[in-house]
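Trainee: Residue numbers (this note's numbering), protein chains in the order written: chain A, 1 to 79; chain B, 80 to 447. One structure coming up, written as structure tokens, with questions to follow.
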Amino acid sequence: KPLSTEETNKVLLAEKYLRRFYRMPVGLQGEGKASDLMHQKIREMQEFFRLEVTGNLDDNTVKVMEMARCGVPDVAEYN
Amino acid sequence: HFPRDLKWESTNVTFRILNYTADLNPKDVDRALRNALSVWSKVTPLKFQRLYTGNADIMISFGSKEHGDHNPFDGPGGLLAHAYPPGKGLGGDTHFDEDENWTKDSHGNKKFNLFFVAAHEFGHALGMAHSSDPGSLMYPVYSYAQGFPLSVDDIEGIQSLYGKNPDHEKFKPKPVAPDKCDPELSFDAITELRGETIIFKDRFYWRIHPNMIEIEQTLIKSTWPDIPNKVDAAYENPEKDIVIIFSGIRMWALNGYNIVDGFPKYIHKLGLPKRVRKIDAAVNIRDTGKTLLFVDEEYWSYDEQMATMDSGYPRSIEEDFPGIGDEVDAAAYHYGYLSLYHKHTQFEYNYDARKVISILRANSILNC
Numbered sequence: 001k002p003l004s005t006e007e008t009n010k011v012l013l014a015e016k017y018l019r020r021f022y023r024m025p026v027g028l029q030g031e032g033k034a035s036d037l038m039h040q041k042i043r044e045m046q047e048f049f050r051l052e053v054t055g056n057l058d059d060n061t062v063k064v065m066e067m068a069r070c071g072v073p074d075v076a077e078y079n
Numbered sequence: 080h081f082p083r084d085l086k087w088e089s090t091n092v093t094f095r096i097l098n099y100t101a102d103l104n105p106k107d108v109d110r111a112l113r114n115a116l117s118v119w120s121k122v123t124p125l126k127f128q129r130l131y132t133g134n135a136d137i138m139i140s141f142g143s144k145e146h147g148d149h150n151p152f153d154g155p156g157g158l159l160a161h162a163y164p165p166g167k168g169l170g171g172d173t174h175f176d177e178d179e180n181w182t183k184d185s186h187g188n189k190k191f192n193l194f195f196v197a198a199h200e201f202g203h204a205l206g207m208a209h210s211s212d213p214g215s216l217m218y219p220v221y222s223y224a225q226g227f228p229l230s231v232d233d234i235e236g237i238q239s240l241y242g243k244n245p246d247h248e249k250f251k252p253k254p255v256a257p258d259k260c261d262p263e264l265s266f267d268a269i270t271e272l273r274g275e276t277i278i279f280k281d282r283f284y285w286r287i288h289p290n291m292i293e294i295e296q297t298l299i300k301s302t303w304p305d306i307p308n309k310v311d312a313a314y315e316n317p318e319k320d321i322v323i324i325f326s327g328i329r330m331w332a333l334n335g336y337n338i339v340d341g342f343p344k345y346i347h348k349l350g351l352p353k354r355v356r357k358i359d360a361a362v363n364i365r366d367t368g369k370t371l372l373f374v375d376e377e378y379w380s381y382d383e384q385m386a387t388m389d390s391g392y393p394r395s396i397e398e399d400f401p402g403i404g405d406e407v408d409a410a411a412y413h414y415g416y417l418s419l420y421h422k423h424t425q426f427e428y429n430y431d432a433r434k435v436i437s438i439l440r441a442n443s444i445l446n447c
């Protein structure tokens with residue numbers, strides 16, 4: 001079933017966030033792999049923020065992603 | 080720290096302010112930035128010298144969207160600022176998003192305190208990466224707090240790069256965030272808030288939502304910048320859909336997460352005598368409409384309907400609640416049962432039978 005607009009917005013927000021702060025590569029990595037990678041990056045982010053580590057975009061995870069913050073990546077060499 | 084523990088080779092670090100935000104008087108910007116650097120120089124041997132021309136180690140500027148480093152800002156909210164770790168060229172440079180509304184105080188929605196953001200960014204400019212301790216200055220999410228902003232985690236981090244400041248007296252760092260599974264954990268206050276349970280401890284609160292497995296820990300100031308860092312007691316009046324928060328001799332009313340206009344008020348407006356300077360715990364008994372206010376070894380009963388203190392009070396806690404001792408730190412009420420917290424113990428109390436029915440660790444409510 002297609003994603004609702006709200007869910008699509010959440011996914012887009014998460015992609016942007018994970019690319020910026022958790023070094024998620026831009027673009028698809030091949031069918032199936034992109035989603036796995038995103039779950040892995042969500043887990044990294046949840047672990048950092050001491051959220052429950054599910055790998056899923058639950059409400060608490062999205063809420064943290066929406067908060068005002070510093071632009072320096074959390075787990076990456078700044079380059 | 081950033082990979083390879085990047086740091087300045089000299090303890091004399093220069094900075095230059097290239098431009099100013101339109102939101103603040105330049106003098107206020109100078110003061111905020113200078114104070115933000117001082118936060119770090121107080122605990123290290125670092126000395127900061129301002130340059131007015133030429134290239135400084137830390138070049139400070141305000142810019143919006145793409146502002147010259149191919150690392151664009153995003154308009155109001157979201158990204159507030161960024162800084163580069165020590166190094167040549169861009170290294171140490173600190174950029175603030177001019178699309179934000181910068182302030183020199185804590186007030187207002189979508190306004191950000193320049194001093195706090197700058198102190199965080201200068202942490203990066205000196206070699207500190209993000210911390211996952213929500214009480215530390217180097218936590219990546221913005222929150223406003225009063226007092227000296229560095230936590231133990233921040234100080235240990237910067238001192239492992241540069242060493243201690245031999246000339247300054249010790250600064251009292253902010254303690255690390257309380258651990259919910261610490262067996263000695265006690266609570267400051269507990270209240271319901273529209274079906275959620277809010278537990279206050281030090282500068283933080285935990286939020287337990289019945290439909291969420293995980294328990295959030297947040298700084299009080301992140302959600303309610305106007306409420307003090309220390310909450311003594313809290314209770315929900317579900318009839319009026321408000322939560323009352325007590326801190327010292329003042330109280331605040333929340334409707335949802337918003338502070339009700341006209342607050343804070345003095346707790347003595349409730350009818351408490353002036354000698355009462357602090358309420359230890361408060362709980363509303365839904366079945367009777369009475370709110371119990373625990374103060375030292377006594378408690379009062381407040382009639383919510385009549386908005387008056389019941390006569391015959393204060394009464395002795397020890398006599399009226401046998402089995403729980405003589406003091407209460409926090410209290411909650413569910414379906415005829417009172418949960419009374421003192422130190423690390425939770426007493427489940429049958430209010431009608433006036434009897435303790437079980438004793439648990441206080442943090443069992445936090446799934447520990």
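The beta carbon of each residue, even a glycine, is placed where N, CA and C say it ideally should be.
Note down, in chain order, every chain B residue with its Cβ under 8 Å from the Cβ of N9 (chain A).
Mentor: The premise fails here: N9 (chain A) is roughly 14 Å from chain B at the closest Cβ pair, so nothing lies under 8 Å.
Trainee: Nearest chain B C-beta to G55 (chain A) closer than 8 Å, yes or no?
Mentor: By this cut-off, G55 (chain A) is not an interface position.
Trainee: Any beta carbon from chain B within less than 8 Å of L12 (chain A)'s own beta carbon?
Mentor: Not an interface residue.
Trainee: Does the segment 120–139 of chain B come close enough to the segment 94–106 of chain B to have 3 or more Cβ pairs within less than 8 Å?
Mentor: Result yes; three or more Cβ-Cβ pairs closer than 8 Å.
Trainee: Name the DSSP beta bridge partners of Q296 (chain B), please?
Mentor: The partner list for Q296 (chain B) (beta bridge, DSSP) reads B:W285.
Trainee: Determine, using beta carbons only, whether F94 (chain B) comes closer than 8 Å to chain A.
Mentor: So, not an interface residue.
Trainee: With the cut-off set at 8 Å, would you say E376 (chain B) and I396 (chain B) are in Cβ contact?
Mentor: In contact: E376 (chain B) and I396 (chain B) (Cβ atoms closer than 8 Å).
Trainee: For M291 (chain B), go through chain A and note every residue whose CB falls closer than 9 Å to its CB, in chain order.
Mentor: Under the 9 Å cutoff, chain A gives E52, D58, D59 and N60.
Trainee: Mind pulling the beta strand (DSSP E) runs of 3 or more residues that sit fully within the segment 86–123 of chain B?
Mentor: Runs of the beta strand (DSSP E) inside the segment 86–123 of chain B: 91–96.
Trainee: For Y416 (chain B), list the residues DSSP reports as bridge partners.
Mentor: In DSSP, Y416 (chain B) forms a bridge with B:H413 and B:N429.
Trainee: Within 10 angstroms of its Cβ, does P252 (chain B) collect 16 or more other Cβ (buried), or is it exposed?
Mentor: Classification of P252 (chain B): buried, given that the 10 Å Cβ count is 16 or more.
Trainee: Check the Cβ of G156 (chain B) against every Cβ in chain A and list those closer than 7 Å, keeping chain order.
Mentor: Result: A68.
Trainee: Flag L159 (chain B) as yes if its beta-carbon sits less than 8 Å from any beta-carbon of chain A, otherwise no.
Mentor: Closer than 8 Å: yes.
Trainee: Would you identify the three-state DSSP class for Y336 (chain B), choosing helix, strand or coil?
Mentor: Correct three-state label for Y336 (chain B): coil.
Trainee: Is there a C-beta anywhere in chain A that falls below 8 Å from the one on Y221 (chain B)?
Mentor: Y221 (chain B) counts as touching chain A.
Trainee: Report the option in B:W303, B:P105 and B:L298 whose CA atom is closest to the CA atom of W331 (chain B).
Mentor: Ranking B:W303, B:P105 and B:L298 by Cα distance to W331 (chain B) puts B:W303 first.
Trainee: Assuming the contact rule is C-beta atoms closer than 8 Å, P155 (chain B) and F195 (chain B) should be a hit. Round their C-beta distance to whole Å, please.
Mentor: Not confirmed; about 17 Å, so no contact.
Trainee: Mapping DSSP to helix, strand and coil, what is R69 (chain A)?
Mentor: The answer is strand: DSSP assigns R69 (chain A) an E or B state.
Trainee: What do you get for T5 (chain A), buried or exposed, if any count of 16 or more other CB atoms within 10 angstroms of its CB means buried?
Mentor: The residue in question, T5 (chain A), is exposed, as its Cβ has fewer than 16 Cβ neighbours within 10 Å.
Trainee: Along the chain, where does the alpha helix (DSSP H) containing I396 (chain B) start, and where does it finish?
Mentor: I396 to D399 is the extent of the alpha helix (DSSP H) around I396 (chain B).
Trainee: Establish whether the CB of V26 (chain A) and some CB of chain B are separated by less than 8 Å.
Mentor: V26 (chain A) does not count as touching chain B.
Trainee: What three-state label does DSSP hand D233 (chain B) in the structure shown?
Mentor: The answer is helix: DSSP assigns D233 (chain B) an H, G or I state.
Trainee: The beta strand (DSSP E) with K10 (chain A) in it runs from where to where?
Mentor: No beta strand (DSSP E) contains K10 (chain A), which is instead part of the alpha helix (DSSP H) from T5 to F21.
Trainee: Could you check whether the Cβ of F342 (chain B) sits closer than 8 Å to any Cβ belonging to chain A?
Mentor: No, its Cβ sits nowhere closer than 8 Å to a Cβ of chain A.
Trainee: Beta-carbon within less than 8 Å of D84 (chain B)'s beta-carbon, same chain only, minus the 5 sequence neighbours each way: which residues are those?
Mentor: Excluding sequence neighbours, D84 (chain B) sits near G206 and L240.
Trainee: Does D36 (chain A) have its Cβ less than 8 Å from a Cβ in chain B?
Mentor: Taking Cβ atoms only, chain B never reaches closer than 8 Å to D36 (chain A), which makes this a no.
Trainee: Helix, strand or coil: how does DSSP classify G168 (chain B) here?
Mentor: Residue state, collapsed to three classes: coil.
Trainee: Measuring straight from C-alpha to C-alpha, what distance separates V26 (chain A) and T270 (chain B)?
Mentor: Their Cα atoms are separated by approximately 45 Å.
Trainee: For T54 (chain A), which of helix, strand or coil comes out of DSSP?
Mentor: It is coil, neither helix nor strand.
Trainee: DSSP puts Y381 (chain B) in a beta bridge; with which residues?
Mentor: Partner(s): B:T370 and B:M388.
Trainee: Going straight from the alpha carbon of A160 (chain B) to that of T8 (chain A), what length do you get?
Mentor: Taking the straight line from one Cα to the other gives about 27 Å.
Trainee: Any idea what DSSP makes of I324 (chain B), helix, strand or coil?
Mentor: If DSSP states are grouped into helix, strand and coil, I324 (chain B) belongs with the strands.
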